[in-house]
Amino acid sequence: MQLRINQLARIEGHADLVVDLEKGELVSCRFEVVETPRFFEGILTGLHYREVAGVVSRICGICSHSHSLVSLTATEDALGIDISDQTRLLRELLLCGELLQSHLVQLYFMALPDYLLLPSLIQAAKSDRTLLERALRLKKGANAICEVIGGRPVHPVTLRVGGFASLPERKELLQLQQHLRNLLPDLEETIDLFAGLDIPLFSRPVSNVSLQGDGGYPVFGTHMESSDGAVLPVAGYVGQINERLVAHATAKHAEMEGHRYRVGSLARLNNHHQGLAPMAAKVAAVLRIGPGEENPYRMLLARLVEVVHFVERGIQLIDRLEDYDLAPEEPPLPRRFGSGVAAVEAPRGLLLHAYRYGEEGRLLEADCVIPTAQNLASLEEDLAGRVPEIAHLEPDEVSRQLEMLIRAYDPCISCATHLLRVKYV
Amino acid sequence: MNRKRVGFFDLTGCEGCQLTVLNLEEQLLDLLEVIDLVEFRELMQDQAERLDIAFVEGSVVKPAEEERLRAIRAKSERLIALGACAATGGINRLATLHAPDHLWSSSFGRSEPLWEMGTPRPLAAVVPIDGEVPGCPIDGREFVSILQGLLMGQELEIPTFPVCAECKLAELPCSFEQGAPCLGPLTRSGCGAVCIRGGDVCRGCRGEVDNPRSGPYHRILEEHGWQVEQVLAELRIYPHQADGDDDAAAD
Ligand code: SF4
Ligand code: SF4
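Right under this line is the structure:
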């Protein structure tokens with residue numbers, strides 16, 4: 021029997037799922053990435069350093085802020101530019117906005133319909149709009165952050181190398197903070213809803229990789245760590261993370277020191293649960309999700325804990341920004357044109373950009389390691405591990421369960437295809 | 013009332029334009045009262061057999077996408093390009109400025125093609141279209157007004173004056189006066205000059221106005237001693253079809 025789903029719905033980007041079974045035995049299971057590559061690394065070459073972040077932002081509309089922020093940081097590293105605390109805080113706040121935005125879209129619009137046995141939230145709204153309205157209210161809070169700090173919800177316009185080209189007003193920040201506080205009742209409803217979902221039982225141990233948190237929950241950082249205890253400098257990623265090209269995908273699979281691993285919300289939560297904000301920590305306890313979680317389907321719940329965390333963190337960051345008299349800053353000038361690397365925790369996990377600049381500040385070479393590419397090997401193995409457990413069910417139920425597993429990973433295919441350089445291993 | 017059947021489709025792009033539609037939030041709820049949303053892969057599993065209005069995001073690159081686009085065209089009364097990738101080729105056309113072996117080796121580590129690579133093209137290069145929503149990403153408000161017009165059977169209209177006019181209206185300081193080149197004088201307005209408002213310059217994501225070299229704002233360039241070509245050399249991240257050498261990446 022062959023089970024084939026072309027152009028999977030409710031995921032970011034284009035991918036097919038193909039499962040071959042013979043007499044109930046799994047022959048092969050492939051998550052085929054069919055997205056058209058856009059050769060971003062190639063088209064970045066020759067660009068002036070001012071233009072790079074704006075172009076890489078267009079790799080993916082859902083992670084545009086993460087790409088912009090990691091790009092600016094890598095460029096600043098290459099140019100010897102230091103940024104102020106004010107810039108750092110504002111950038112972190114912007115990243116909170118994107119993590120929230122992306123997680124909420126995934127949880128409500130992409131994942132939830134599987135559990136409610138609906139083709140979409142929009143279909144569901146034909147009889148009852150409560151869910152859709154709540155999802156959009158929450159999402160609006162996330163967008164408000166991106167608009168106030170980044171200038172618009174998709175593809176920010178206020179960011180520049182060395183700082184910000186325009187700053188939010190104090191009044192806007194306070195309104196934003198109130199807006200975030202007002203989300204709490206909707207968050208409570210969301211937690212009740214997800215706590216009641218019938219999440220399949222399945223267990224697949226894997227190592228979890230995230231940035232180091234410096235005591236808090238990881239966002240930006242110079243070192244990555246794995247749940248096996250390894251700590252690696254981001255700058256030395258070459259040789260640590262290997263990407264291989266697989267025949268059935270236009271994206272690549274990444275391995276670290278020869279092992280598959282997982283990045284993203286569950287990896288962050290696994291490695292840094294002690295850095296969660298107070299309410300998020302309580303929610304994690306209620307949902308019974310924490311270190312040692314081995315069920316990939318439960319990644320949804322890790323994402324939900326993070327939603328609570330990043331709302332709290334956003335509120336905290338605005339408090340801290342209150343202590344600064346936000347003032348425009350002259351962008352620092354480059355001290356050199358060399359190489360730089362930076363990493364950020366994007367919604368789907370560790371995202372790394374490395375650049376080399378030549379004289380006149382034009383980009384010579386770019387390399388990017390994308391969260392979804394790091395997760396593909398693990399996802400495919402999970403799918404292959406799950407098939408035998410459910411092969412006896414009706415085909416529709418088999419596909420539903422496999423699609424749920426894929427969506428639990430929240431793959432971002434636009435990103436995965438566009439920016440990987442293969443190192444043949 | 014017979015609701016119009018509306019669908020969203022994506023070819024090669026970043027899905028930022030579709031996300032902008034989802035980001036309409038309350039306005040989206042209002043729209044759902046008057047349209048029947050029948051297809052939107054990112055959000056729904058449904059597939060429609062016939063549509064009144066299809067919004068298509070992204071450029072056409074691979075032959076398979078040409079076929080998909082033709083199939084969408086065949087089942088849609090009106091087909092509208094959603095965003096720069098679909099309307100002009102958008103940022104994807106940066107690839108036309110590089111040789112294919114450079115693109116392959118920088119992205120995939122080898123200079124021989126791994127599969128057939130096409131040139132990123134706007135939708136109109138493959139099928140006739142009934143209009144466009146410009147921008148990278150699209151402007152949400154403009155999208156709503158275009159959709160409302162379409163629902164009322166009006167012809168689709170987009171602004172004909174350049175971004176400079178919106179800057180002046182909003183009393184934003186001119187980029188040129190601050191020594192920074194800007195594509196505002198050549199670019200179709202409608203975005204509220206959002207980039208300039210954010211402290212940046214215009215990079216021309218909405219495409220050129222109809223007669224860029226004869227409009228009243230063109231002289232801003234000359235007054236500040238800039239030639240069009242110089243500004244483009246600095247800021248061209250949305251290469252226009254006219255300046256692309258289509259053969260370079262077509263291989
Ligand atoms: S026009 Fe811009 S925002 Fe829209 S899909 Fe293309 S790259 Fe993304
Ligand atoms: S200011 Fe220019 S680049 Fe920015 S959105 Fe408007 S047309 Fe596009």
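If you read the sequences in order, they're chains G and H. Everything in the first sequence is counted per the numbering used here, starting at 21 for the first residue and increasing by one. Everything in the second sequence is counted per the numbering used here, starting at 13 for the first residue and increasing by one. Ideal Cβ placement from N, Cα and C applies to all residues, glycine included.
I'd like to know if Asp42(H) contacts chain G, where contact means its C-beta is closer than 9 Å to some C-beta of that chain. Chain G has no Cβ within less than 9 Å of the Cβ of Asp42(H).
Quick check on DSSP: helix, strand or coil for Asn228(G)? strand
Going along chain G, which residues have a C-beta under 7 Å from Thr10(H)? Here chain H has residues from 13 to 263 only, and residue 10(H) is not among them.
Kindly list the residues whose CB is nearer than 7 Å to the CB of Ala287(G), restricted to its own chain and excluding five residues on each side of it in sequence; keep chain order. Answer for Ala287(G): Asn228, Val229, Ser230, Gly369, listed in chain order.
Starting from the Cα of Gly156(H), find the closest Cα among Phe52(H), Glu37(H), Pro112(H) and give me that residue. Going by the sequence as given, residue 156(H) is Val instead of Gly. Among Phe52(H), Glu37(H), Pro112(H), the Cα nearest to that of Val156(H) belongs to Glu37(H).
C-beta neighbour in chain H for Lys191(G), strict 9 Å: no
For a minimum of 4 consecutive residues, which ranges assigned as the alpha helix (DSSP H) are wholly contained in the region 132 to 173 of chain H? Segments of the alpha helix (DSSP H) lying fully in the region 132 to 173 of chain H: 152 to 163.
Rounded C-beta distance between Glu55(G) and Gly33(G)? I'm assuming under 8 Å. So it is a contact: roughly 5 Å between Cβ atoms.
Mark Leu159(G) as exposed unless 16 or more other C-beta atoms lie within 10 angstroms of its C-beta, in which case mark it buried. Note on identity: in this sequence residue 159(G) is Lys, with Leu being the wrong assignment. Label assigned to Lys159(G): buried.
Scan the region 137 to 155 of chain H for residues whose Cβ lies nearer than 8 Å to a Cβ of chain G and list them as they occur along the chain. Cys148, Pro149
Tell me which same chain residues have a C-beta within less than 7 Å of the C-beta of Ser247(G), skipping the five on either side of it? So the qualifying residues of the chain are Ser227, Asn228, Asn290, Asn291.
Three-state secondary structure assigned by DSSP to Gln59(H): coil
Considering only DSSP beta bridges, list what Met244(G) is partnered with. Partner(s): Leu231(G), Leu252(G).
Can you check whether the CB of Leu127(G) is closer than 9 Å to the CB of Val327(G)? Yes, these two residues count as a Cβ contact at 9 Å.
Cβ-heavy atom distance between Gly211(H) and ligand 2 below 8 Å? no
Can you list the residues of chain H that Thr95(G) reaches, using a CB-CB cut of under 9 Å? The contacting residues do not exist; Thr95(G) stays about 15 Å from chain H at best.
Is the CB-CB distance between Val72(G) and Leu64(G) below 9 Å? yes
Less than 9 Å between the beta carbons of Gly204(H) and Asp142(H), yes or no? no
Short check: CB of Glu235(H) to CB of Phe188(H), under 9 Å? yes
With 8 Å as the C-beta to C-beta threshold (strictly closer), list the residues of the region 374 to 400 of chain G near chain H in chain order. Glu385, Ala386
Assigned secondary structure, Gln190(H) (DSSP; H/G/I helix, E/B strand, else coil): Reduced to three states, the DSSP call for Gln190(H) is helix.
List, in order along the chain, the chain H residues whose C-beta lies closer than 9 Å to that of Leu160(G)? Position check: residue 160(G) holds Lys in this sequence, whereas Leu was assumed. Neighbours of Lys160(G) on chain H, chain order: Asn35, Glu37, Glu38.
Looking only at C-alpha atoms, which of Pro228(H), Ala182(H), Asp212(H), Ile65(H) sits nearest to Leu198(H)? The closest CA to that of Leu198(H), considering only Pro228(H), Ala182(H), Asp212(H), Ile65(H), is found on Pro228(H).
Just to confirm, is the Cβ distance from Leu55(H) to Ile142(G) under 9 Å? yes
As assigned by DSSP and simplified to three states, the class of Cys26(H): coil
Counting contacts by CB-CB distance shorter than 9 Å, is Ser84(G) in contact with chain H? yes
With a threshold of 9 Å between beta-carbons, can Gly81(G) be considered close to chain H, or not? yes
Ile142(G) beta carbon near ligand 2 (any heavy atom closer than 8 Å): Taking non-hydrogen atoms of ligand 2 into account, the C-beta of Ile142(G) is found less than 8 Å away from none of them.
Find the residues of chain G that neighbour Ile249(H), judging by a C-beta separation of less than 8 Å, and give them in chain order. Ordered by position in chain G, the residues that pass the 8 Å Cβ test against Ile249(H) are Leu67, Glu71, Gly74, Val75.
Following the continuous alpha helix (DSSP H) through Asp42(H), name the residue where it begins and the one where it ends. 38 to 46
From the DSSP output, which residues share a beta bridge with Cys432(G)? Glu32(G)
Neighbouring residues, chain H, relative to Ala29(G) (Cβ below 7 Å): Chain H residues near Ala29(G): Arg53, Met56, Gln57.
To the nearest whole angstrom, what separates the beta carbons of Phe184(G) and Tyr317(G), a pair I think is in contact under 8 Å? Actually they are not in contact, since the Cβ atoms of Phe184(G) and Tyr317(G) sit about 40 Å apart, beyond 8 Å.
Leaving aside the five residues before and after Gly28(H) along the sequence, list all residues of the same chain whose C-beta is less than 8 Å from its C-beta, in chain order. Beyond the five residues adjoining it in sequence on each side, Gly28(H) comes within less than 8 Å, by CB distance, of Gly95, Cys148, Pro149 in the same chain, given in chain order.
Starting from the beta carbon of Leu195(H), find every residue of chain G whose beta carbon is closer than 7 Å, and list them in chain order. Result: empty, since nearest Cβ-Cβ is about 12 Å, beyond 7 Å.
On the three-state DSSP scale, how would you describe Gln22(G)? strand
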